[in-house]
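Be aware that the sequence shown starts at 1, since it is given in the numbering used here, and climbs by one per residue.
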Amino acid sequence: MFNTYFSCYVYKVSLFDHVAECLGDFMEKKQIKDKKLPVGFTFSFPCSQSKLDEGVLLTWTKRFKASGVEGMDVVKLLNKAIKKRGDYDADIMAVVNDTVGTMMTCGFDDQRCEVGIIIGTGTNACYMEELRHIDLVEGDEGRMCINTEWGSFGDDGSLEDIRTEFDREIDRGSLNPGKQLFEKMEQRRFKQSQGHIDQIGVEPSHEDCIAVQHVCTIVSFRSANLIASTLGGS
């Protein structure tokens, strides 16, 4: 998995050229560039999928922003970038959300696995559901993985009673105000205050460090409770 963080605006060409370059470097390192291999593409953003090898980006989250990608099929964009290089061939068989990929990875070893959860720069969960409970799919036999996209919980105003002034300030300063509100209340990067202090060259006193630790403990405890509550209520 290639985990590259973009905190500024980039163009779709630059983004998928970079992913294609990373894939090419990996294949060269493993000396498999002369082979056409099946590839699974983990794309950790809300997408609309009508086919296994298609994913239309609905919206960017987690402070990522690449212009010209929303509403586009990310598999086609990556395929185009790979073909433009011309130095290797890859067959993208499927695109999956990182939450689904997490559950599948565990399920490969333990078929009792029923839930996948991501808690990091963003948060999301998926679970296995009986087909008879899914209105969008024909048939009643079998099961399907449901990607909840629970990071967007609260976008309809249902979390207003528990959002604080600090939550609202973080949301106003984000790239997507009013969206992914639950995710912004959980996100790990807002808990890394000590690291941020060190990065800006401030030399905190012992008392400052204790205060920061106390705040981080409160925020982390709230985050854990939010995740646990959402998991229990899903």
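Virtual Cβ for every residue (Gly too), placed ideally from N, Cα, C.
field: Stretch pair the region 95 to 102 + the region 37 to 57: three plus CB contacts closer than 8 Å
entry: yes
message: Could you give the first and the last residue of the continuous beta strand (DSSP E) run that contains E130?
response: T123 to E130
- prompt: Taking the C-alpha atoms as reference points, what is the distance between G232 and E129?
  reply: Approximately 16 Å between the Cα atoms of the pair.
query: Per DSSP, what kind of secondary structure is T42 in: helix, strand or coil?
result: strand
message: Are the CB atoms of A94 and L37 within a distance shorter than 8 Å?
response: no
message: Can you find the residues in the same chain that come closer than 8 Å, C-beta to C-beta, to C113, ignoring five residues on each side of it along the sequence?
response: Hits under 8 Å: M103, C106 and G107.
query: Where do the N-terminal and C-terminal ends of the beta strand (DSSP E) with K33 fall, by residue?
result: Unbroken run through K33: none, as it is neither H nor E.
field: Per-residue burial, I118 [other beta carbons within 10 Å of its own, 16 or more giving buried]
entry: buried
- prompt: Run through DSSP, which three-state label would K51 get?
  reply: coil
message: I need the boundaries of the beta strand (DSSP E) containing N147, first residue and last residue.
response: R143 to N147
task: Over the uninterrupted beta strand (DSSP E) stretch that includes V167, give me the two end residues.
output: Position check: residue 167 holds Asp in this sequence, whereas Val was assumed. From DSSP, D167 is part of no beta strand (DSSP E) but of the alpha helix (DSSP H) over E165 to R172.
message: Quick check on the DSSP output: what are the complete beta strand (DSSP E) runs of length 3 or more inside the region 52 to 117, in order along the chain?
response: 65 to 67 and 90 to 96
query: With respect to the alpha helix (DSSP H) encompassing H214, which residues constitute its N-terminal and C-terminal limits?
result: H206 to G233
- request: Look at the Cβ atom of G122, then the Cβ atom of G142, and state whether they are nearer than 8 Å.
  value: no
field: Pairwise C-alpha distance: E28 and A20
entry: 12 Å
query: From which residue to which residue does the alpha helix (DSSP H) around K184 run?
result: L181 to E186
query: Buried or exposed: which applies to V74, given that a residue is buried once 16 or more other Cβ atoms fall within 10 Å of its Cβ?
result: buried
query: How many angstroms separate the CA atom of L226 from the CA atom of F166?
result: 16 Å
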